[in-house]
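Undergrad:
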Amino acid sequence: MARHDNDGYGVALMIVGVTLLAHCVYYGGYGFLRSIGWTSHWLDLVVALIRQAGLIVPLLHEKALALLLFCMGVFLRGSVGTPTVSLATSCALFFGGLVIYLIGTVTPLQFVLATVLGFSLAVLGAHCLWRHTGLGGLPADPMNDTFKQCGHRIRNAYSINIRTRYQHKGRFHRGWINVVNPFRGTLILGTPGSGKSYSVYGPFIEQMIAKGYSMFVYDYKYPDLTKMVYNELVDHLGSYKVKPKFYTIDFAHPDFSNRCNPMAARYINDPADSAEVAEVIMLNISPGKEQKNDFFDMSAKVYLDCLIWFLRKWKDGRYCTFPHLVEMTARDYRDVLNIMFKIPELEVKIAPFLNALSGGAQDQLQGQIASATIPLAKFASPELYWVLSGDDFSLDINNPSEPKIVCVGNDPKRQAIYGTTLALYTSRLCKTVNEKGKLHSGVLLDELPTIFVKGLDNLIATARSNKVAVVLGAQDKSQLVRDYGQKESDVIFNTVGNIFSGQVNGKTAQDLSRSFGKEFRDRRSQSYGQDARSETLSRQLEDRLPVSMIETLTQGVFCGKTQDDNGRRNDYKFFCGEIQRPKKKKSNDHWSKRPPVRVFEGDMKEEIQENFTRIKLEVEEIIHMAAEEYGIILEADKPKPLPKPSQG
4 MARHDNDGYG VALMIVGVTL LAHCVYYGGY GFLRSIGWTS HWLDLVVALI RQAGLIVPLL
64 HEKALALLLF CMGVFLRGSV GTPTVSLATS CALFFGGLVI YLIGTVTPLQ FVLATVLGFS
124 LAVLGAHCLW RHTGLGGLPA DPMNDTFKQC GHRIRNAYSI NIRTRYQHKG RFHRGWINVV
184 NPFRGTLILG TPGSGKSYSV YGPFIEQMIA KGYSMFVYDY KYPDLTKMVY NELVDHLGSY
244 KVKPKFYTID FAHPDFSNRC NPMAARYIND PADSAEVAEV IMLNISPGKE QKNDFFDMSA
304 KVYLDCLIWF LRKWKDGRYC TFPHLVEMTA RDYRDVLNIM FKIPELEVKI APFLNALSGG
364 AQDQLQGQIA SATIPLAKFA SPELYWVLSG DDFSLDINNP SEPKIVCVGN DPKRQAIYGT
424 TLALYTSRLC KTVNEKGKLH SGVLLDELPT IFVKGLDNLI ATARSNKVAV VLGAQDKSQL
484 VRDYGQKESD VIFNTVGNIF SGQVNGKTAQ DLSRSFGKEF RDRRSQSYGQ DARSETLSRQ
544 LEDRLPVSMI ETLTQGVFCG KTQDDNGRRN DYKFFCGEIQ RPKKKKSNDH WSKRPPVRVF
604 EGDMKEEIQE NFTRIKLEVE EIIHMAAEEY GIILEADKPK PLPKPSQG
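Take the sequence shown: its position 341, counting from 1, is numbered 344 in our numbering, and each next residue is one higher.
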């Protein structure tokens, strides 16, 4: 499909051209127009003032300028489609009309007729010639013909409206994708290169910030989406009643990253909360996020659950962080189990481990605990510890008195490391934002299958009443099935109300085509015999959007469906067309001018390494203080058995 970014300029040129033409006709054919009563005193006065000011060139030059401007406007708007007449006829229309238009005339009546007729023929000929050149855009393709779509914008305080261009019955039309209620959930699909970031995420980010949304953005290819968010926020700070604060989580660049603790004590108020955090960690660190819940997986979750709750209870949760949890798993499990057994809430959970230890099943117990400790060992990184051990901000992004824009960044090269910690942020936020009385907010998760978010299906199902707009992205539904399991991926796919899909293949394309349904379409068939030719016109029930079309969509072309509200009805919920984004009037890159979040007093690496060492020492101190408090002798302090004497 051809681009139509210059529509506004084209219309403006056409209006100027018609205005000049009207002046020419009025001035040159004044005698005839006056005889039939088509003149006005006010128009006479305006024309006189214009000519006295010297703003009008000679009449012949003005006519030529009017035709030139109008034709330029037609070309800028894009005269697309299949040529309706031959090239010779197009040339005859254009040059014949040009001669009639510029020919000298005697009477005012002749002037009016020659000007109007010549102008019309010349414009029609130019329009046909432009189609023959092929420069006005791709001609209408019967294979890409779609259906009638919404042609007007349906707006409200929260809506997302995206302009499109689509083909229907051999002609191109202007359309609108009206996401009237973004709180019903949005799913964005498309293979790599289909244009998801520019064509869909871009308008969502721009309009959400322009309408005062608080936001959480999971940016898989950091900082692509984060740049968009930051630049739009700088340009639209005035759209917020309370100016939001901008935060980023960037493990690779600690000086440009804020610090946040997703396991802070304020988030863990019950053993059920610690169990949920443990489950999120295990679902993300194990290969394949659809867990089978076998014996070792369940044991690892329980062990982490107990560790988290112990850290939450010790010193009022001062050390309840992910880095402290990682270091706790590296300590002697016998000491840790004996200490946690003294916590009343953990007695039942720890008892099976101690029974196995006292019953001589030490090898099996080590295997159970190793299922948690070995995968967590890869998170022992000074940069990760630095970001995750601080607490610069809380995750209540939609707090009306303190709104926030939070962007967390992943890296495809370190997905296995960063994904788990970012899943902790995302899972915690899904529970924090889904509360009544908060500011309307947007949760944008790009490349959703790269993290496992606990409770995502519940957020989509219940967030509408709390004004939380969930926007999920994936390359294909099969990715969701692989990483979330068939049941949960089906729930996500069937719960969202708005779907955008670029080019997808296989079963995903089949499911989308089926959801579009069928419609009756006119089909013309011709048959030729030796002596006669016959033509048949019929109506056939066909797929509204065939699988073959979905599998071959061009970059920037999206299909899908939207939902409406009782107050804003939309009779055209399906769409398929090229998304048209207006050009930016200014392209300031505020991101490149962003100052560091934190200025380190000394060497940054040394300070981060000191924090890393401090956490290790704190965990050692916790073990010794807890052992002393509960009267437990640590394994390292127990007397070693004397060696047996050697036989003479």
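Even for Gly, the Cβ is constructed at its ideal location relative to N, Cα and C.
1) Between which two residues does the alpha helix (DSSP H) carrying residue 498 extend?
2) Three-state secondary structure (DSSP) at residue 72?
3) Measure the Cβ-Cβ separation of residue 407 and residue 247 and say whether it is below 7 Å.
4) Is residue 499 buried or exposed, if buried means 16 or more other CB atoms sit within 10 Å of its CB?
5) Pick helix, strand or coil for residue 191, following the three-state DSSP scheme.
6) Which runs of the beta strand (DSSP E) at least 3 residues long sit entirely within the stretch 95–122? Give them in chain order.
7) When you compare only the Cα positions, how much space is there between residue 311 and residue 557?
8) Checking the sheet assignment: what are the DSSP bridge partners for residue 583?
9) Are residue 473 and residue 466 closer than 7 Å when you measure CB to CB?
10) For residue 422, I'd like the list of residues in its chain whose CB is within less than 7 Å of its CB, leaving aside the five on either flank, ordered along the chain.
11) Which two residues bound the contiguous alpha helix (DSSP H) that contains residue 356?
12) With three or more beta-carbon pairs closer than 8 Å as the criterion, would you say the stretch 561–580 touches the stretch 171–191?
13) Are the beta-carbon atoms of residue 216 and residue 445 separated by less than 7 Å?
14) Is the distance from the Cβ of residue 524 to the Cβ of residue 545 below 7 Å?
15) On the premise that residue 309 lies in contact with residue 268, defined as a C-beta separation below 8 Å, what is that separation, rounded to the nearest angstrom?
16) For the beta strand (DSSP E) containing residue 222, name the first residue and the last one.
17) As a quick exercise: from 616, 43 and 40, pick the residue whose alpha carbon is nearest that of residue 330.
18) Beta carbon of residue 98: closer than 6 Å to some heavy atom of the ligand NAP?
19) Enumerated in chain order, which unbroken segments of the alpha helix (DSSP H) with a length of 4 residues or greater are wholly contained in the stretch 603–635?
20) From residue 635 to residue 349, what does the alpha carbon distance come to, in whole angstroms?
21) Measuring CB to CB, does residue 338 end up less than 7 Å from residue 638?
22) Given residue 656, which residues of its chain have a CB within under 7 Å of its CB, disregarding the five upstream and five downstream residues?
23) Select from 605, 209 and 307 the residue whose C-alpha is nearest the C-alpha of residue 242.
24) So for residue 20, helix, strand or coil by DSSP?
25) For residue 307, which of 325, 51 and 319 has the nearest alpha-carbon?
26) When you compare the stretch 144–161 with the stretch 427–439, are there three or more beta-carbon pairs, one atom per stretch, that lie closer than 8 Å?
27) What is the C-beta distance between residue 187 and residue 461, in whole angstroms, given that I count them as a contact (C-beta under 8 Å)?
28) Can you name the start and end residues of the beta strand (DSSP E) that residue 174 belongs to?
29) Start and end of the beta strand (DSSP E) containing residue 472?
30) Please list the terminal residues of the continuous alpha helix (DSSP H) segment that includes residue 561.
31) What three-state label does DSSP hand residue 638 in the structure shown?
TA: Answer, in terms of the structure:
1) 489–498
2) Shown here, residue 72 sits in a helix according to DSSP, grouped into three states.
3) yes
4) buried
5) strand
6) none
7) 49 Å
8) 166
9) yes
10) 287, 413, 453 and 454
11) 350–361 is the extent of the alpha helix (DSSP H) around residue 356.
12) yes
13) Against a cut-off of 7 Å, the Cβ pair of residue 445 and residue 216 comes out as a contact.
14) Residue 545 sits close to residue 524, with the two beta carbons spaced by under 7 Å.
15) About 16 Å separates the beta carbons of residue 268 and residue 309, which is beyond the 8 Å limit, so they are not a contact pair.
16) 217–222
17) 616
18) In terms of ligand content, the structure shown is empty, and the ligand NAP therefore cannot be addressed.
19) 607–633
20) 17 Å
21) yes
22) It is not possible to answer for residue 656, since the shown part of the chain is limited to 4 through 651.
23) 209
24) helix
25) 325
26) no
27) That belief does not hold up - the Cβ atoms of residue 187 and residue 461 are roughly 15 Å apart, past 8 Å.
28) 174–182
29) 471–477
30) Taken as a continuous stretch (DSSP letters only), residue 561 belongs to no alpha helix (DSSP H), being part of the beta strand (DSSP E) at 560–564.
31) helix
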